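Numbering (my numbering), first residue to last: 9 to 127.
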């Protein structure tokens, strides 16, 4: 077992959260916007499930997976939206188009990815 020196001068064991290399790579990244939204949604809608996710060691993994899925899906939906709705040239129309594009894509991501309980 390896140990690391903490800022308080204590030697702490370096215990791995998981043995899965894919999950270890995910844990190196911070939880992003979509993952935090999922965690808040689960706390609000399924408060009893939070402890289960924590005990199973998935409370920190699932939000990072959701972030990855959501970013990929955002790119796909953005491409589709741009094909179906060409960008206007007038400044005021561009502002409206950009707001509509982002709101439409984010709404779809929330429905498809974030508001889904992962068991």
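Backbone N, C-alpha and C fix where the C-beta goes; we use that ideal spot for every residue, glycine too. It should be emphasised that the depicted structure is a prediction, and the values quoted were computed from it without experimental measurement.
If you follow the alpha helix (DSSP H) that residue i is part of, which residue opens it and which one closes it?
| i | result |
| --- | --- |
| residue 55 | 55-63 |
| residue 89 | 70-92 |
| residue 119 | Element bounds for residue 119: n/a, residue is neither H nor E. |
Give the DSSP-derived three-state secondary structure of residue i in the structure shown.
| i | result |
| --- | --- |
| residue 13 | strand |
| residue 39 | coil |
| residue 97 | coil |
| residue 47 | helix |
| residue 124 | coil |
| residue 27 | coil |
Determine the closest residue to residue i out of the options, with distance taken between C-alpha atoms.
| i | options | result |
| --- | --- | --- |
| residue 115 | 45, 31 and 100 | 45 |
| residue 123 | 82, 108, 47 and 68 | 47 |
| residue 91 | 105, 53 and 80 | 105 |
| residue 80 | 9, 42 and 30 | 42 |
| residue 77 | 56, 121, 16 and 39 | 121 |
From which residue to which residue does the beta strand (DSSP E) around residue i run?
| i | result |
| --- | --- |
| residue 21 | 19-21 |
Report whether the distance from the Cβ of residue i to the nearest heavy atom of the ligand GTP is below 7 Å.
| i | result |
| --- | --- |
| residue 93 | As far as ligands go, the structure on display features none, and thus does not contain the ligand GTP. |
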